[in-house]
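As structure tokens, the structure follows; a few thoughts come after it.
Number of protein chains: 2
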Amino acid sequence: MNIAIVGLGIIGGSLAKAFTEYTEHRVIGINRTESVVKQALDEGAIHEAGTKYSLANADVVYMCTYPKHIVSFVRENISIFKKGCIITDVCGIKSEICGELTEICVNGGLQYVGSHPMAGKEKYSYSASEAGLFVNASYIIVPCKADKIAVDTIATLAKEIGCGTIRIASPEEHDRMIAFTSQVPHALACAYVMSPCCPNHNGFSAGSYRDVSRVAAINENLWTDLFLSNSKPLSEELSVLIDNITNIKNAVDSGDADILRELLKKSRLIKQGLGE
Amino acid sequence: MNIAIVGLGIIGGSLAKAFTEYTEHRVIGINRTESVVKQALDEGAIHEAGTKYSLANADVVYMCTYPKHIVSFVRENISIFKKGCIITDVCGIKSEICGELTEICVNGGLQYVGSHPMAGKEKYSYSASEAGLFVNASYIIVPCKADKIAVDTIATLAKEIGCGTIRIASPEEHDRMIAFTSQVPHALACAYVMSPCCPNHNGFSAGSYRDVSRVAAINENLWTDLFLSNSKPLSEELSVLIDNITNIKNAVDSGDADILRELLKKSRLIKQGLGE
Chain A
3 MNIAIVGLGI
13 IGGSLAKAFT
23 EYTEHRVIGI
33 NRTESVVKQA
43 LDEGAIHEAG
53 TKYSLANADV
63 VYMCTYPKHI
73 VSFVRENISI
83 FKKGCIITDV
93 CGIKSEICGE
103 LTEICVNGGL
113 QYVGSHPMAG
123 KEKYSYSASE
133 AGLFVNASYI
143 IVPCKADKIA
153 VDTIATLAKE
163 IGCGTIRIAS
173 PEEHDRMIAF
183 TSQVPHALAC
193 AYVMSPCCPN
203 HNGFSAGSYR
213 DVSRVAAINE
223 NLWTDLFLSN
233 SKPLSEELSV
243 LIDNITNIKN
253 AVDSGDADIL
263 RELLKKSRLI
273 KQGLGE
Chain B
3 MNIAIVGLGI
13 IGGSLAKAFT
23 EYTEHRVIGI
33 NRTESVVKQA
43 LDEGAIHEAG
53 TKYSLANADV
63 VYMCTYPKHI
73 VSFVRENISI
83 FKKGCIITDV
93 CGIKSEICGE
103 LTEICVNGGL
113 QYVGSHPMAG
123 KEKYSYSASE
133 AGLFVNASYI
143 IVPCKADKIA
153 VDTIATLAKE
163 IGCGTIRIAS
173 PEEHDRMIAF
183 TSQVPHALAC
193 AYVMSPCCPN
203 HNGFSAGSYR
213 DVSRVAAINE
223 NLWTDLFLSN
233 SKPLSEELSV
243 LIDNITNIKN
253 AVDSGDADIL
263 RELLKKSRLI
273 KQGLGE
């Protein structure tokens, strides 16, 4: 198949490298900044430096731009895509874009399937991309109104680049779970390093500091978009977290060992109950 | 030197294994549950299965029991220790125990130096111990009123088992920083897994979930003691964290991209400013 990747950041670049390295598909790279396309071509991460007109040759298109540019890009170029082609995205939010993308694609004779590979790094941009990024990662598919064959194609491609689990979800289920698994930890990392203690942590810290603060060097433009595109589930999960931290704080403040021990025991049982 | 280790849990067990594997010192293991001492002896983690009377032969004693048992153990056995010996502990809090331990030791003709190796795991007990636990870890020393030679001895021993950095701190500085680097992440991990979303995270999660929740399978007895023994600094740091999360939540709720972006940018600059 001909696979077009629009947006060669960490995820788009890694998809390109994974498809060229692990599969026989032909990869067309499209990126606003041309120097990145040239670098990807020079490195063999893509087979063709494409433009939007190359979309006419693509059987599958991965939209890997910022969330807010996905819908407008597809709408503006809807007449270029090959009829029947599958359009997917790798965006971290789904409810806000899936409805509109489905409508545009159905009207244009295309298939839209939402995707979200659960892989990333605390770095971003093409220079951080790597072929092995998706190995053993979970790959979430949000089928929307796409045909089964389109959904199966996206699932097969995910397996071909090494993904471990394929998880099917509705847009709402996806966004609620991602608020918890990804957005809250990112908000948390940012909140954590804002403590006045943080600049002096060296020599006093180990794995706990490192793990909680890992993603604090955040891409503020991308994550502002992601947070605001998923504000209701994120806000609800942040409330849950604040309440749970407050419960622990209240037990500490009151000096009540029994209540505190019960709270911590509850956490232990949840974590151990998941076999983790 | 003869080194006695009282309490063969993950830290005491790892100290024993590290000293027997990496140094020429003679290691005496003392533990309330005798089967653990026997196992340690069988495995070569200690040279001698000791009792409290073995303390008479120790040049350095590492107190690795639960925090609340440290002071009472030293007080009850003060007449047994060899005159001039160095007593240290590996406890995660210092203000609450350092004053009393210093007084008991000075009156008994012993040297007390506080220690806190910044190493651990999400597992505990002797079975989780390993010789390499301290390799490249930071080792915090709280000298209190000990002689320089006693402090230097503890520092040298830390280096001998592989510690990277030696950090000297007052009890208050130690406790404030540990509230931030260690206790807050543990409280946070527990609060995080209490979300109703947690049991369903599988397939929706990756590194962010794994890192924040890592230490949630907490030893609730130990950490209840640690939290309540450091309640003021911990409570203050939890307040700082709750405030910072609330600021992010408020920006999300108001849909104000500029404020949200500035908050996230501030975090990025702090984290990057630390070279992390």
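Those protein sequence lines, which keep their order, are chains A and B. Numbering-wise, the first sequence is residues 3 to 278 according to the numbering used here. Numbering-wise, the second sequence is residues 3 to 278 according to the numbering used here. Built from N, CA and C at the ideal position, the CB exists for glycine as well.
- A/Val137 and A/Pro119 have their C-alpha atoms roughly 10 Å apart.
- Taking each of A/Ala157, A/Glu45, A/Glu175 in turn and checking the Cα distance to A/Ser131, the smallest one comes out for A/Glu45.
- When DSSP states are grouped into helix, strand and coil, B/Asp91 belongs to the strand group.
- Ranked by Cα distance from A/Arg28, the first of A/Ile72, A/Ile5, A/Ser37 is A/Ile5.
- Taking the beta carbon of B/Val92 as reference, no residue of chain A falls within 9 Å; the closest one sits roughly 13 Å away.
- Against chain B, the beta carbon of A/Asp255 has neighbours under 8 Å at Ser233, Ser237, listed in chain order.
- The Cβ-Cβ distance between B/Gln274 and B/Phe229 does not fall below 8 Å.
- In this structure, the straight-line span from the alpha carbon of B/Tyr68 to that of B/Thr226 is close to 11 Å.
- Beta-bridge pairing by DSSP links A/Ser56 to no other residue.
- Taking A/Leu10 as the centre and dropping the five residues before and after it, the same chain places the C-beta of Gly31, Asn33, Val38, Ala42, Tyr128 closer than 6 Å to its C-beta, in chain order.
- Counting along the chain, B/Arg270 sits inside the alpha helix (DSSP H) bounded by residues 259-275.
- A/Ile7 is the residue among A/Thr22, A/Gly122, A/Glu239, A/Ile7 whose C-alpha sits nearest the C-alpha of A/Val76.
- Pairing A/Ser172 with A/Val195 gives a Cβ-Cβ distance that is not under 8 Å.
- B/Asp213 belongs to the set of residues whose beta carbon lies under 8 Å from a beta carbon in chain A.
- For B/Ala219, the three-state secondary structure derived from DSSP is coil.
- With contacts defined by Cβ atoms closer than 8 Å, B/Ile82 and B/Val63 do not form a contacting pair.
- Within the DSSP secondary-structure output, A/Arg169 pairs in a beta bridge with A/Ile142.
- In the three-state scheme derived from DSSP, where H, G and I count as helix and E and B as strand, B/Gly31 is classed as strand.
- Rounded to whole angstroms, the separation of the alpha carbons of B/Glu278 and B/Arg270 is 10 Å.
- The alpha-carbon separation between A/Ile13 and A/Ala148 amounts to approximately 23 Å.
- Within 9 Å of the CB of B/Lys150, no CB atom of chain A is found; the nearest one sits about 20 Å away.
- For A/Ala121, the closest C-alpha among the options A/Cys165, A/Thr155, A/Pro187, A/Val73 is that of A/Cys165.
- The beta carbon of A/Lys251 sits closer than 8 Å to some beta carbon of chain B.
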